[in-house]
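Structure first, then comments.
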């Protein structure tokens, strides 16, 4: 479908994932609108002389968008999470946004053989918006494989957002969010999973940034 609009929220972890594949990196640069997300990238923007750049995470943007879609009675298709998560997500969204037509949903754990059927289901439902919540690597892979087959005008990739909408995982208290410490709250809940992301991923991105600045200055 021509003139499709694709949105992805890019934080430092997503950026490293995209940077690891030249094919994905080039495709994202050419086809996707990226929302700046996270305190780490704000710091790197400062290091690169970009000043204070506004960032926008999907968790905060989502209710604003869905409130607007609710007023417009728009149609939305959901893909992501496991079978339990997607059902709880759909249930909560229907309660909070009763005028939105949630015209279909799929869990994010499907096989390559099921992929064609899922594309067909989405196209048959003809949603105005497709929301993917599968993590950046799976989302980009889905977008690249379906780029000539999906008939959806707008696709929005929201990472692990369905985990929060389904209440599988809690958000940080508001005071921590205002202090830009939600990442630390999440780390305290899942230290083993997130240690590499926060304490090794940020230095890795810093190393890449320093090399970029050195090459730029030479």
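Residue numbers (our numbering): -6 to 211.
Quick reminder that beta carbons are idealized off the backbone N, C-alpha and C, glycines included.
What you are looking at is a predicted structure, and each value in this text was computed from that prediction instead of being measured.
Your pair residue 115 and residue 69 does not check out as a contact, with CB atoms roughly 11 Å apart and the cut at 8 Å. Spanning the alpha carbons of residue 131 and residue 14 requires a straight line of approximately 13 Å. It is roughly 15 Å from the alpha-carbon of residue 3 to the alpha-carbon of residue 148.
Judged by DSSP in its simplified three-state form, residue 97 adopts strand. Using a Cβ distance threshold of 8 Å, residue 55 and residue 154 count as a contacting pair. In chain order, 179, 180 place their CB closer than 7 Å to the CB of residue 187, counting only its own chain and leaving out the 5 sequence neighbours on each side.
The C-alpha of residue 128 is placed about 10 Å away from the C-alpha of residue 134.
With respect to the C-alpha of residue 64, the residue from 89, 80, 85 having the closest C-alpha is 89. At least 8 Å separates the beta-carbon of residue 117 from that of residue 101. At a Cβ-Cβ threshold of 8 Å, residue -2 and residue 150 do not count as neighbours.
According to the DSSP assignment, residue 58 belongs to no beta strand (DSSP E) but to the alpha helix (DSSP H) extending over 51 to 65. Following the DSSP letters along the chain, one finds residue 147 inside the beta strand (DSSP E) bounded by residues 147 to 150. Bridge pairing for residue 27: 1 [DSSP].
Runs of beta strand (DSSP E) with 3 or more residues, each lying fully within the region 67 to 127, are found at 68 to 73, 94 to 99, 122 to 126, listed in chain order.
Closest in C-alpha terms to residue 139, from the list 110, 36, 96, comes 110. In the three-state scheme derived from DSSP, where H, G and I count as helix and E and B as strand, residue 164 is classed as coil.
DSSP places residue 10 within a helical segment (H, G or I) once states are collapsed to three. If you look at residue 132, you'll find it in the alpha helix (DSSP H) that goes 129 to 139.
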